[in-house]
Amino acid sequence: MAWRGRRTLPVAGSDGLDHRVDLDSRLGGAWITLAWRDLGSGGRPRALVSVVTAEGTTTALAEEPTSGDGFAWTGRLPDGAVALRFTALSRSAPFSLDGLTLRRRARLALTLRAARRQPELTARAVYWRLLGLKLRGRGLLAQALAHRSETGYAAWIARFDRRGPEERARIRAEIAGWEAPPLVSVLMPVHDPDPKVFDAAIRSVRDQLYPAWELCLCDDASTDPAIPRLIARHAAADARIRTVRRPENGHIARATNDALALASGITCVFLDHDDRLADTALYEVAKALRDDSGLVLVYSDEDKIDARGRRFEPHFKSDFDRELLTGQNYVNHLCAVRTDALRALGGLRPGFEGSQDHDLLLRLTETLPREAVRHIPKVLYHWRAAAGSGTFSDRALARAEDARLRALAEVAERRGARAERGPQGFNRLVRPLPEPPPLVSVVIPTRDRAELLAVALDGLFRGTDYPNLEVIVVDNDSREEATRALFARHADEPRLRVLPVPGPFNFSDLSNRGAAAARGGVLLFLNNDIEVLEPGWLAELVSIACEPDIGAVGAKLLYPDGTLQHGGIVLGVGGIAGHSHLGIAGDAPGYFARMQLTQEVAAVTGACLAVRADIFSEVGGFDAEALAVAFNDVDLCLRLRRAGYRNVWTPYARLIHHESKSRGPEDTPEKRARFEAESRVMRERWGAELRSDPYYNPNLSRASGHFRL
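Counting along the sequence shown from 1, when you hit position 172 you're at 163 in the numbering used here, and nothing is skipped either side.
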């Protein structure tokens, strides 16, 4: 290289959706640090950064937030690197690139940096480098540098959720440039709160950086004389505060509806009388409405706040998830609903106290298209959790759970389904099977390991209560006597067919061959090392898969020791994809009870994947040419999503998965080379999607799929 220091690279001409920066051709193979700012991002990635080589291949870079709007990446550029490409992860959230710099790194500095992150991995890298195995040492060093340590919430707040004078000035200047900023109405029902926390709640509205708001406040016949005095004092000080007092206590639904009657804004934000808004909350809502005038529902992440003002228990949510919402009100706070839609529904319904918000959201979203909902992945609401505030007695909690169940029951009845009480008092939506139940074709690729396959077949024929199934065992060159004996024992089983497919192992091709031979309207791809635990598992999968907008459906898979193997697939974990909540106790609730609730996911594992035969054919089946073994299930699920279908994971279909016992680990040079090639295919084909899983909040670490910071 002709230079050793830092260089600033050109960023002019970016449209916020795609931008290319040409590199010096001599940079191929160099170890570097890239640093840049994405103005207004708040440290949340809005662009996929890739390296382009002279041959036209692209490699995505896993950037890390640094501070404020800053990002950085340290690693080795691929040989032949000629350009960087920045691609917006979402058209509704374009990036604003600034200050892109590139600095070449010395080997010693890189080694020290890697040692701080992954000392054991770095030691191995140095060991192999000293033995002269440069490629192996280089790969291990790159892994160590790519490791991102997880952090606690207090550290996250200090790093990503502090706004200094410069950022506040930038937001105010942006708002000042808006023509006709939308008016936002904040609805606050009030009944005898602690005056101090009530005052803080009102002040959190008055302290908003966004000025175009009105606070519509309904005093629900408070008995503490301090409350009306406090309301009057704030209303006199700020003309944007509008008030009404009820002559008698009507509870939260009626009080909120009376506040709604005062509203003149385009959208309404719900605020409890003892909670607090972040000072950017209404700015973020207004910005979302300006970006897309068709939005009906906007919601954000939230946390809790104690009596000392300490923030804790953040809830970093997924994008809109219709399935998860049936089970719990994960939307919760901050929630903004378009005023005309809220009035058309009649506001909140008396009689659903404790779950009135959930009832509203179920009714609102019943026919609402996904594009009318926006999730803002920022903590904009602080839910008061002090003693005497935000807590329920056992009797009140039981009433709230009953109201939640009744709310879902109404929606379920219109769909021909039913509502049941699930774990921890959450809801479960139980769909009916079509009448008659469709034939399910279970496709099981196998090669010997008769002791595993025997367990799987026994579970299907004797341990499953589904009335209409066929099993197609796709036999890939089995040679052992035990396998022939197993097939002979089942020779009189009319529901079993053995389909010989000789040749090299190719899971995708074997599965496609089985699907082509299937007669059923629903396909179930099943590994030969699956063990059935409960009779109703298949009916659960099929009842979901038969809905017209559903793509792939996956089950809750446990290791033999009872720990979780599959809770859905999270994109981006490990670079491509990984399992959600891998290794937790099988009965553990997971992050905000996610492992106990049916939910949408980006992908499910092919070890147990149900899908209608027609849409499997529609998207072209598994990719047998480029993804013979790894990631074929993720690729299929992403193609189903691209075609407009929703993929679903359910905890109500539980099985044991003796993972990789039939095929073995990736421990040979040939298998590792094949895995790397298939990983490269996934990065090139799905680069942007792998960095923006809609069901895994961008604030959470991709070091694992455990929903941690």
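Positions of the beta carbon are idealized from the N, C-alpha and C atoms, including for glycine.
Where Ala761 falls, given that 16 or more other Cβ within 10 Å makes a residue buried: With the chain running from -8 to 700 in the structure shown, residue 761 is simply not present.
Buried or exposed for Asp496, please, with buried defined as at least 16 other CB atoms from any protein chain shown within 10 angstroms of its CB. Counted from its first residue, the sequence shown places residue 496 at position 505. The identity of residue 496 in the sequence shown is Phe, whereas the question assumes Asp. Counting Cβ neighbours within 10 Å, Phe496 comes out exposed, since fewer than 16 surround it.
Closer than 8 Å to chain C by CB, Asp456: Of the protein chains in this structure there is only one, and it is not chain C.
First and last residue of the beta strand (DSSP E) that includes Asn240? As a first step, residue 240 is located in the sequence shown; it is residue number 249 there, counting from the start. Run containing Asn240: none; DSSP gives neither H nor E here.
Please state whether DSSP places Ile296 in a helix, a strand or coil. As a working mapping, residue 296 is identified with position 305 in the sequence shown. Strand.
Cα separation between Pro368 and Gly565? Within the sequence shown, residue 368 is the residue found at index 377, counting from 1. Within the sequence shown, residue 565 is the residue found at index 574, counting from 1. Taking the straight line from one Cα to the other gives about 22 Å.
Return the bridge partner residues of Gln590 from the DSSP annotation. The residue you call residue 590 lines up with position 599 of the sequence shown. In DSSP, Gln590 forms a bridge with Trp640.
Assess contact between the stretch 512 to 525 and the stretch 437 to 453, defined as three or more Cβ pairs (one per stretch) separated by less than 8 Å. Is contact present? yes
In chain order, which continuous runs of the beta strand (DSSP E) of length 3 or greater are located wholly inside the stretch 413 to 459? Within the stretch 413 to 459, the complete beta strand (DSSP E) runs of at least 3 residues are 418 to 421 and 431 to 437.
Where does Ala51 sit, in a helix, a strand or coil, going by DSSP? Within the sequence shown, numbered from 1, the residue matching residue 51 stands at position 60. It is a strand residue.
Can you check the stretch 20 to 66 for any beta strand (DSSP E) of at least 3 residues that lies completely inside it and give the ranges in chain order? 22 to 29, 38 to 44 and 49 to 52
Starting from the Cα of Arg699, find the closest Cα among Ser608, Phe583, Ile606 and Arg682 and give me that residue. The sequence position of residue 699 within the sequence shown is 708, counting from 1. Checking every option, the nearest Cα to that of Arg699 belongs to Phe583.
Return helix, strand or coil for Gly128, following the three-state DSSP convention. In the sequence shown, the residue the question calls residue 128 occupies position 137. In this structure, Gly128 counts as helix in the three-state DSSP scheme.
How would you label Leu132, buried or exposed, when you count the other beta carbons within 10 angstroms and need 16 or more for buried? Walking along the sequence shown from the start, residue 132 turns up at place 141. Result: buried.
Look at the alpha carbon of Ile218 and the alpha carbon of Asp210, and state the distance between them as a whole number of angstroms. Within the sequence shown, numbered from 1, the residue matching residue 218 stands at position 227. Within the sequence shown, numbered from 1, the residue matching residue 210 stands at position 219. When the Cα atoms are used, Ile218 and Asp210 turn out to be separated by approximately 8 Å.
Check whether the stretch 316 to 327 touches the stretch 243 to 252, taking contact to mean three or more Cβ pairs, one atom from each stretch, closer than 8 Å. no
At the level of alpha carbons, what is the spacing between Leu99 and Glu165? Here the question's residue 99 lines up with position 108 in the sequence shown. Here the question's residue 165 lines up with position 174 in the sequence shown. Roughly 44 Å between the two C-alpha positions.
Would you report the Cα separation of Ser653 and Leu443, rounded to the nearest angstrom? Sequence index remark: in the sequence shown, residue 653 carries index 662 (1-based). Sequence index remark: in the sequence shown, residue 443 carries index 452 (1-based). Here Ser653 scores only 46 on pLDDT, less than 50, and its place in the model is too uncertain to base an answer on.
Is it right to say Phe261 is buried, meaning 16 or more other beta carbons lie within 10 angstroms of its own, or is it exposed? On the sequence shown, position 270 is the one that residue 261 refers to. Classification of Phe261: buried, given that the 10 Å Cβ count is 16 or more.
Distance check for Ala116 and Phe109, CA to CA, integer angstroms please. Position 118 of the sequence shown holds residue 109. Position 125 of the sequence shown holds residue 116. The residue asked about is misnamed: residue 109 is Gln in this sequence, not Phe. Computed Cα separation, rounded: 11 Å.
How should Thr382 be labelled, buried or exposed, when 16 other C-beta atoms within 10 angstroms of its C-beta is the threshold for buried? Taking the sequence shown and counting its residues from 1, one reaches residue 382 at position 391. Low confidence applies here, because Thr382 scores a pLDDT of 41, under 50, leaving its location unreliable; read the following figure in that light. Exposed: under 16 other Cβ atoms inside 10 Å.
Rank Ala272, Asp283 and Ser469 by C-alpha distance to the C-alpha of Tyr290 and give the top, closest one. Working through the sequence shown from its first residue, we reach residue 290 at position 299. Comparing Cα positions, the closest option is Ala272.
Tell me whether Lys187 is buried or exposed, calling it buried when 16 or more other Cβ atoms sit within 10 Å of its Cβ. Working through the sequence shown from its first residue, we reach residue 187 at position 196. With fewer than 16 Cβ atoms within 10 Å of its Cβ, Lys187 is classed as exposed.
Could you compute how far the alpha carbon of Trp27 sits from the alpha carbon of Ala203? Against the sequence shown, residue 27 aligns to sequence position 36. Against the sequence shown, residue 203 aligns to sequence position 212. Answer to the nearest angstrom: the Cα atoms are 33 Å apart.
Confirm, please, whether the CB-CB distance from Arg510 to Glu472 is below 8 Å. Counting from 1 along the sequence shown, the entry for residue 472 is found at position 481. Counting from 1 along the sequence shown, the entry for residue 510 is found at position 519. Cβ atoms of Glu472 and Arg510: not closer than 8 Å.
Taking just the CA atoms, how far does Leu524 sit from Thr455? On the sequence shown, position 464 is the one that residue 455 refers to. On the sequence shown, position 533 is the one that residue 524 refers to. For Thr455 and Leu524, the distance between alpha carbons rounds to 9 Å.
Which one of Ser176, His182 and Tyr201 has the shortest CA to CA distance from Ile162? For this step, residue 162 is matched to residue 171 along the sequence shown. When only C-alpha atoms are compared, the closest one is Tyr201.
Report the CB separation of Leu487 from Val513 in whole angstroms; it is logged as a contact under 8 Å. By one-based count along the sequence shown, residue 487 stands at place 496. By one-based count along the sequence shown, residue 513 stands at place 522. Not a contact, Cβ separation roughly 17 Å.
Of the residues Ala63, Thr48 and Gly47, the one placed nearest Glu54, counting alpha carbons only: Indexing the sequence shown from 1 puts residue 54 at position 63. Glu54 has its Cα closest to that of Ala63, out of Ala63, Thr48 and Gly47.
Any idea if Glu616 is buried or exposed, counting beta-carbon neighbours within 10 angstroms, 16 or more meaning buried? Within the sequence shown, residue 616 is the residue found at index 625, counting from 1. Exposed, because fewer than 16 other Cβ atoms sit within 10 Å of the Cβ of Glu616.
In the structure shown, what three-state DSSP assignment does Asp350 receive? In the sequence shown, the residue the question calls residue 350 occupies position 359. Three-state DSSP puts Asp350 in a helix.
In this structure, how does DSSP classify Leu80 when only helix, strand and coil are distinguished? Here residue 80 refers to the residue found at position 89 when the sequence shown is read from its first residue. Leu80: coil per DSSP, three-state reduction.
Can you find at least 3 beta carbon pairs, one from the stretch 292 to 303 and one from the stretch 339 to 356, that sit closer than 8 Å? A contact between stretches requires three or more CB pairs, one per stretch, nearer than 8 Å, and the stretch 292 to 303 fails this requirement with the stretch 339 to 356.
Grab me the residues of Tyr636's own chain with a C-beta within less than 7 Å of its C-beta, minus the 5 sequence neighbours each way, in chain order. Counting from 1 along the sequence shown, the entry for residue 636 is found at position 645. Closer than 7 Å at the Cβ level, and outside the excluded window around Tyr636, lie Asp540, Ile541, Gly542 and Ile606.
Could you spell out the range, first to last residue, of the beta strand (DSSP E) harbouring Arg375? Locating residue 375 in the sequence shown gives position 384, counting from the first residue. Taken as a continuous stretch (DSSP letters only), the beta strand (DSSP E) holding Arg375 covers Val364 to Arg375.
Near Leu14, which residues of its chain fall below 7 Å by C-beta distance, leaving aside the five closest residues on each side in sequence? Counting from one through the sequence shown, the residue named residue 14 turns up at place 23. Around Leu14: Ala72, Val73, Ala74 and Leu75.
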